[in-house]
Amino acid sequence: MPARHQPVMTMPLSTLKVVPNDAPAPQSMPAWVPRAIALLWIGFLGTFVARALWSRLAGFFVLLLISLFLALAIEPGTNRLARRGMSRGLATIIILAAVAVVIAGFATVMGALVADQASQLSDNRDQYVTDVVGFLNDNFGANLDAAEIVDSLDDPNGPVREFLNSQADRAVQLGVSAFSTLFQTFSILLFTFYLAADGPRLRRTICRWLKPSRQRVVLDVWELAVEKTGGYLSSRAILAVVSSFLHWIAFQAIGTPAPIALAIWVGVISQFLPVIGIYVAGVLPLLLTVVESPIKALFVLGFIVVYQQIENFLIAPKITAQTMELHAGVAFASAIVGGAVLGPTGAILGLPAAAVMQGFLSSVGHRYEVVDDTDLDAE
0 MPARHQPVMT MPLSTLKVVP NDAPAPQSMP AWVPRAIALL WIGFLGTFVA RALWSRLAGF
60 FVLLLISLFL ALAIEPGTNR LARRGMSRGL ATIIILAAVA VVIAGFATVM GALVADQASQ
120 LSDNRDQYVT DVVGFLNDNF GANLDAAEIV DSLDDPNGPV REFLNSQADR AVQLGVSAFS
180 TLFQTFSILL FTFYLAADGP RLRRTICRWL KPSRQRVVLD VWELAVEKTG GYLSSRAILA
240 VVSSFLHWIA FQAIGTPAPI ALAIWVGVIS QFLPVIGIYV AGVLPLLLTV VESPIKALFV
300 LGFIVVYQQI ENFLIAPKIT AQTMELHAGV AFASAIVGGA VLGPTGAILG LPAAAVMQGF
360 LSSVGHRYEV VDDTDLDAE
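The numbering of the sequence shown is numbering that gives the first Met the number 0, which starts it at 0 and goes up by one.
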């Protein structure tokens, strides 16, 4: 039987792909990819840890920043006492004690004012309500009943009593807040003492890690910060004294209640609370005076407004020119920026910080004379 041949399948040569013997092997992952992934994770974890630490230590850094500015502010006085043979530690204690006495005196005066006004308000409550209601009805067409308002104040189920009862539950919270504030104040004073008493040693410690050329920059910036911060504090203090004295004369002439205490309040708050200080300071004398006499309150408002303009354009420029000269627009912007970053504390510290930056920028670089427009036209 003849053998049967199997059919042979053929393929065109064009469909075959010839692989050369020297073809490169498939490439592996680049060496930089694992390092990039590792750096990405390290950066992510580092950012997470940094944010967690900042959320817990932000309050501490704010206290340290306040202490630094206070130390810079009192260092000129510490240096003067130290040059007279007194140790820096004792000099710092004396200055801090003087500042504490001034603050305690201000708090005592304001506390006595609040207690006195609260006592008078309680004793003459009905008469005050009747006078205010009569003024509103006569001048603004209000239809209020003084007797009804007095009865609502005495009603145990009235809105006033309900508000007072609701606030009684917050006594514990207020106590905790007061203790926390006291602890923070003590911490600020302690840090301020160490920074002011050991200021030269701290500067030497920092400069040991720097090159001689950079040491000079650090020392110049430090001295500039001391000069500007101390100038800010001294200028504010002088303006506060002048403002308090003139407001005392005006309040005494107008016949406001407790003119000395109100004048000190306006002078201190208007100077040490940037931008809105005068508005906050003016509310208290207006409220206390309008209860007694709305006409007197108008005179108080008029004097506060007029004096503020006199201070801005006549008194303040002469004082700040010798201590800390800062453009009004720059001061306003620095207070807003500082308040946005650190709240009220940042608003207060923003002014000396802006003064330090302005002084530093003016001390570096080179300034040229401005070409007059007439010269340009002549060309």
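Backbone N, C-alpha and C define an ideal beta-carbon position, used for all residues, glycine too.
- With respect to the C-alpha of PRO256, the residue from VAL299, ILE268 and TYR231 having the closest C-alpha is VAL299.
- Using a Cβ distance threshold of 8 Å, ALA346 and ALA332 do not count as a contacting pair.
- Separation of the CB atoms of ILE73 and ILE94 is rounded to 5 Å, and the pair is thereby assigned contact status at 8 Å.
- Contact check between the region 260-279 and the region 133-149: fewer than three CB pairs, one atom from each, fall below 8 Å, which does not count as touching.
- For ASN78, the secondary structure class from DSSP, reduced to helix, strand or coil, is helix.
- Under the three-state reduction of DSSP output, TRP53 falls in the helix class.
- ALA236 is positioned such that its CB atom lies no closer than 8 Å to that of TRP247.
- GLY42 and VAL336 have their C-alpha atoms roughly 29 Å apart.
- Apart from sequence neighbours up to five positions away, the residues of its chain that approach PHE68 with a beta-carbon distance below 7 Å are THR228, LEU348 and PRO351, ordered along the chain.
- For the pair ALA315 and ALA90, the Cα-to-Cα distance works out to about 30 Å.
- Burial is judged here by how many other beta carbons sit within 10 angstroms of a residue's own beta carbon; GLN270 has at least 16 and is buried.
- In this structure, the alpha-carbon of ALA170 lies about 49 Å from that of LEU39.
- A direct Cα-Cα distance of roughly 51 Å separates THR46 from ALA111.
- Cβ atoms of PHE134 and PRO293 come within 8 Å of each other, at about 5 Å.
- Per the C-alpha coordinates, the member of VAL220, VAL290, GLY266 and TYR231 positioned closest to GLY254 is VAL290.
- Sixteen is the threshold: since fewer than 16 other Cβ atoms of the shown chains lie within 10 Å of the Cβ of TRP208, the residue is exposed.
- Taking the Cα positions, LEU223 is about 7 Å away from VAL355.
- Around the beta-carbon of THR107, fewer than 16 other beta-carbon atoms lie within 10 Å, marking it exposed.
- Boundaries of the alpha helix (DSSP H) harbouring TYR193: 170-196, taken from the DSSP string.
- Annotation: the continuous alpha helix (DSSP H) that includes SER242 extends over 211-253.
- ARG79 and VAL217 have their C-alpha atoms spaced approximately 22 Å apart.
- Scanning the region 315-363 for uninterrupted beta strand (DSSP E) segments of 3 residues or longer gives nothing; none is fully contained.
- Within its own chain, the residues whose Cβ lies closer than 6 Å to the Cβ of ILE303, once the five positions on either side in sequence are excluded, are GLY281, listed in chain order.
- Of the residues ALA146, ALA117, GLN116 and ALA114, the one whose Cα lies closest to the Cα of ASP125 is ALA146.
- Taking VAL265 as the centre and dropping the five residues before and after it, the same chain places the C-beta of HIS246 and ALA280 closer than 6 Å to its C-beta, in chain order.
- Shown here, TYR306 sits in a helix according to DSSP, grouped into three states.
- The DSSP-derived three-state label of ASN123 is coil.
- Closest in alpha carbon position to ALA195, among SER121, ASN164, SER54 and GLY88, is GLY88.
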